[in-house]
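Q:
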Amino acid sequence: MEYQAGEYDVAVIGAGHAGIEAALAAARLGCTAVIFTINLDAVGNMPCNPSIGGTAKGHLVREIDALGGEMGRAADQTFLQSRMLNRGKGPAVHSLRVQSDRRAYHAYMKKTLERMKGLALKQAEVVEIRAQGGHVSEVVTQLGAVYRVKAVVIATGTYLSGKIHIGEVSYEGGPDGMFAARSLSASLRALGLTLMRFKTGTPARVNRNSIDFSQLAEQAGDKKIVPFSFETDYEMKNRVVCHIAYTNEKTHEVIRRNLGRSPLYSGRIEGVGPRYCPSIEDKVVRFAEKERHQIFIEPLGIDTDEMYLQGMSSSLPEEVQLEFLRTISGFDQISVMRTAYAIEYDCIDPLELRPTLETKKVEGLYGAGQFNGTSGYEEAAAQGLVAGINAALKIKGVPPLLLDRASSYIGTLIDDLVTKGTNEPYRMMTSRSEYRLVLRQDNADERLTPKGYEIGLISQQRYERFLIKQQQIECERSRVEQFVVPPSTPINEFLAEKGTAPITTGMRLAELIRRPELDYASLAPFDPGRPALPEAVCEQVEIQLKYEGYIRRQQAQINEMRRLESRPIPAGVDYTAIRGLRIEARDKLEKIRPLSIGQASRISGVNPADISVLLVFLAAGGHGNVSRETTEGGEHQK
Ligand SMILES: Cc1cc2nc3c(=O)[nH]c(=O)nc-3n(C[C@H](O)[C@H](O)[C@H](O)COP(=O)(O)OP(=O)(O)OC[C@H]3O[C@@H](n4cnc5c(N)ncnc54)[C@H](O)[C@@H]3O)c2cc1C
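Below you can see the structure in the form of structure tokens.
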């Protein structure tokens, strides 16, 4: 029996990493919002590794924070160990990663939602979404509660028609023993959405007291901790260490012997899994030449002895999992608390989404997170933030937030999804960006905080602090460009020590900093007028000086990309009427309906010749027929 349960501007289905950001953004932008989850005890749950960040994922978290999202603050408040990955490489790939206290992260996010004005948090399974006149209108729960809404964000994660696989056993279910969302897929298909079937897997959780740590290598956190949030100004201390173990030939032999019982290799799993997060079975098969695979043993929290075995996700039968784990040095007495498993779930074909993350088929309906075909907490949170912002901006009648590929990894992620699509869970990597030297994690605020302020998610106070920082960077840059270091015995002894050429005449400090052997910090003794500046400011000055040339070149590429991005394509173009277009290009353009020439040029199957046809067609006022000869410089004009 249905009943009217209330009215909200925005309904968010899912209180995982995507849903949380979407609901907070919508409420912080002044909308009334309701967020649903199947189980309140799984708000902000980490069903996979108890960590936030990592290569390229760390960039996403900093960008979320710079725009006014919550994940960065939550990660800083609940971290157990912090490491800056790839420190030995250039700043473009420096990536922050923290071990998180899983229950503390959940509690932080649940409380943040509970305390958000204008937001209602509810434990209920949404079984139907309704639309009127092509626009979303209501959501209905399993108990018949009907909520009238102006916008809906679907952030259902790995729960949508979730199916668990462990060896020969398969059953409907969500992660961590939660229920699956059994009914919503049918409602989404009825709305005309195309759903795909993906899969992912997770390793076992084991009892710390059953591990012989004397046989394992220890991995400590960084001495100097860099926070995720640009707002974090309190002292941060590592509280745990992680450990490293390795599989061996015996482990691989057990796995090979039982491959026939793997739901993956027996074909019982239909869903497509993530290439970049392979199960241990996959690793043994795909990298057969490798004698051992690394395992990181990560604590799940301060108040628990449960440990996560990073790198050992599997869906082999339970007893086989125990057998191969006990072949590993240090694990011979291991006690498994949660068995590893694979989960299949439904997600949308992201080519059905606009760059705002609104669906093309139903107005006011947005997608975010795993539901959009990605994998990872950070990828999910980034999309949730954008979807929540755009749902609110549309209701307020304000132009949407569109982040291009040169603004951020968030923009790169969304453009990849809605322009190229994905046929496996999409995970962010630095190699996915052609502008990674500009899209560093250290300058996410410079790139995005003004945008966050403009849309209303960044407060006036925070924006003023940001402006002060930018000013400090600018002042310090011009100071070191002007300050001339005189030649002297001490400086030349120092330069000799560093293996770089002595100076015979005065040299501008900036020039010295640009030398690969030197850096801003080490030149302090020769810079008497140096002001006391925050480390983040000094870091910016150094990076901007050292990579100036590369950054300038990349900026030129960005300007060219933005020139093409600024060539809009009218919404109603009938690609089937443009004679010069190849069939494949016509079909792809018709399906994706790119917003600009720039986006059209990134669609796979649309080649430069097709873009020329399109450019001439648009130049001719976007109507009438255009022939290929015309575009390829044929003489006669229409
Ligand atoms: C087994 C497993 C292994 C994973 N392995 C990896 C990995 O190796 N690497 C990686 O990067 N990521 C991995 N992940 C993915 C990672 O967990 C997700 O990417 C991330 O949690 C996605 O966030 P989300 O917000 O989209 O969804 P989730 O965090 O899954 O949250 C979904 C939310 O939606 C709610 N919900 C769903 N349907 C309904 C409904 N109908 N009504 C009401 N509420 C609903 C749920 O209650 C939950 O609150 C794994 C996840 C699982 C489960």
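Numbered as in this note's numbering, the sequence shown ends at 667 without a single skipped number.
In this text, a Cβ means the ideal position worked out from N, Cα and C, and glycines have one as well.
All of these numbers come straight from a predicted model, not from anything done at the bench.
1. Please tell me whether, using a cut-off of 6 Å, the distance from the CB of Gln399 to the nearest non-hydrogen atom of ligand 1 is below it.
2. Could you give the distance in angstroms between the alpha-carbon of Gly535 and the alpha-carbon of Gln511?
3. Would you grab the beta carbon distance between Gly440 and Ala54 for me? Rounded to a whole angstrom, and I think it's under 8 Å.
4. Give every residue of the same chain whose Cβ lies closer than 6 Å to the Cβ of Glu36, excluding the five residues on either side of it in the sequence, and list them in chain order.
5. Can you tell me where the beta strand (DSSP E) holding Gly186 begins and where it ends?
6. Can you tell me the Cα-Cα spacing of Asn521 and Ala530, whole angstroms?
7. Does the beta carbon of Gly426 fall short of 6 Å from some heavy atom of ligand 1?
8. Out of Glu99, Ser190 and Arg494, point me to the one whose CA is closest to Gly300's CA.
9. What residue range does the beta strand (DSSP E) around Gly396 cover?
10. Can you give the Cα-Cα distance for Leu96 and Leu89, rounded to whole angstroms?
11. Touch check for the segment 458-470 and the segment 576-588: three-plus C-beta pairs under 8 Å?
12. In angstroms with no decimal places, state the Cα-to-Cα distance between Lys480 and Cys77.
13. Looking at ligand 1, does it come within less than 6 Å of Cys376, judged from the CB to the closest heavy atom?
14. Does ligand 1 have a heavy atom nearer than 6 Å to the CB of Ala47?
15. Where do the N-terminal and C-terminal ends of the beta strand (DSSP E) with Thr229 fall, by residue?
16. When the distance is taken between beta carbons, is Val283 closer than 7 Å to Phe227?
17. Looking at Thr185: is its Cβ nearer than 7 Å to the Cβ of Ile42?
18. Buried or exposed: where does Phe316 fall if 16 or more other Cβ atoms within 10 Å of its Cβ makes it buried?
19. Helix, strand or coil: which one does DSSP assign to Met138?
20. Between Val168 and Ala40, how many whole angstroms is the CB-CB distance? I'm expecting something under 8 Å.
21. May I ask you to verify whether the segment 355-362 touches the segment 118-125, counting CB pairs closer than 8 Å and requiring at least 3?
22. I believe Ser80 touches Gln128 by the beta-carbon criterion, under 8 Å. Please report the beta-carbon distance rounded to the nearest angstrom.
23. Taking just the CA atoms, how far does Ser630 sit from Asn24?
24. Straight-line CA distance for Thr229 to Leu552?
25. Between Ala565 and chain D, is the shortest Cβ-Cβ distance under 7 Å, so that the two count as touching?
26. Determine the extent of the beta strand (DSSP E) in which His123 is found, giving its start and end residues.
27. Scan the segment 460-495 and note each continuous alpha helix (DSSP H) run of 4 residues or more that stays entirely inside, going in chain order.
28. Could you give the DSSP three-state label for Thr61: helix, strand or coil?
29. Would you call Asp311 buried or exposed, if buried means 16 or more other Cβ atoms sit within 10 Å of its Cβ?
30. Under 6 Å: does the beta carbon of Leu213 sit that close to some heavy atom of ligand 1?
31. Taking the beta strand (DSSP E) that Leu114 falls in, what are its first and last residues?
32. Buried or exposed: where does Met30 fall if 16 or more other Cβ atoms within 10 Å of its Cβ makes it buried?
33. Count the other C-beta atoms from every protein chain shown that fall within 10 angstroms of the C-beta of Asn452, then say buried if there are 16 or more, exposed otherwise.
34. Taking contact to mean at least 3 C-beta pairs separated by less than 8 Å, is the segment 371-385 in contact with the segment 291-310?
35. Met100 by DSSP, collapsed to three states: which one?
36. Could you check whether the Cβ of Pro689 sits closer than 6 Å to any heavy atom belonging to ligand 1?
A: According to the data block:
1. Yes, ligand 1 has a heavy atom inside 6 Å of this Cβ.
2. Between the alpha carbons of Gly535 and Gln511 lies a distance of about 11 Å.
3. Gly440 to Ala54, Cβ: 16 Å. No contact.
4. Residues Arg177 of the same chain have their beta carbon placed closer than 6 Å to that of Glu36, with the five preceding and five following residues left out of the count.
5. Per DSSP, Gly186 belongs to no beta strand (DSSP E) and is neither H nor E.
6. Computed Cα separation, rounded: 8 Å.
7. No, the beta carbon of Gly426 sits no closer than 6 Å to any heavy atom of ligand 1.
8. Nearest of Glu99, Ser190 and Arg494 to Gly300, Cα basis: Ser190.
9. Counting along the chain, Gly396 sits inside the beta strand (DSSP E) bounded by residues Leu394 to Gly396.
10. It is roughly 11 Å from the alpha-carbon of Leu96 to the alpha-carbon of Leu89.
11. Touching, yes.
12. Computed Cα separation, rounded: 32 Å.
13. It does not: the Cβ of Cys376 is nowhere closer than 6 Å to a heavy atom of ligand 1.
14. Yes, the Cβ of Ala47 comes within 6 Å of a heavy atom of ligand 1.
15. In this chain, the beta strand (DSSP E) harbouring Thr229 covers Leu224 to Thr231.
16. It is not a contact, given that the beta carbons lie outside the stated cut-off.
17. Between Thr185 and Ile42, the gap from beta carbon to beta carbon is short of 7 Å.
18. Looking at its Cβ environment, which holds fewer than 16 other Cβ atoms inside 10 Å, Phe316 is exposed.
19. In the structure shown, the three-state DSSP call for Met138 is helix.
20. Contact holds; Cβ gap of about 5 Å.
21. Proximity of the segment 355-362 to the segment 118-125 falls short of the contact definition, fewer than three beta-carbon pairs being nearer than 8 Å.
22. Between Gln128 and Ser80 the Cβ distance is about 5 Å, and since that is below 8 Å, they are a contact.
23. Nothing about residue 24 can be reported from this structure: the residues present for the chain run from 30 to 667 only.
24. A straight line joining the alpha-carbon of Thr229 with that of Leu552 spans about 49 Å.
25. Checking the listed chains, one finds no chain D in this structure; it contains a single protein chain.
26. That residue, His123, is in no beta strand (DSSP E); it is neither H nor E in DSSP.
27. Fully enclosed alpha helix (DSSP H) runs of 4 or longer: 473-484.
28. Secondary structure at Thr61: coil, using DSSP grouped into helix, strand and coil.
29. Flag for Asp311 reads buried.
30. The answer is yes for Leu213.
31. For Leu114, the enclosing beta strand (DSSP E) covers residues Phe108 to Leu114.
32. Result: exposed.
33. With fewer than 16 other Cβ atoms from the protein chains shown falling within 10 Å of its own Cβ, Asn452 counts as exposed.
34. At 8 Å Cβ cutoff, the stretches touch.
35. In the structure shown, Met100 sits in a helix (DSSP, three-state: H, G or I).
36. Since the first residue of the chain shown is 30 and the last is 667, residue 689 is not available in this structure.
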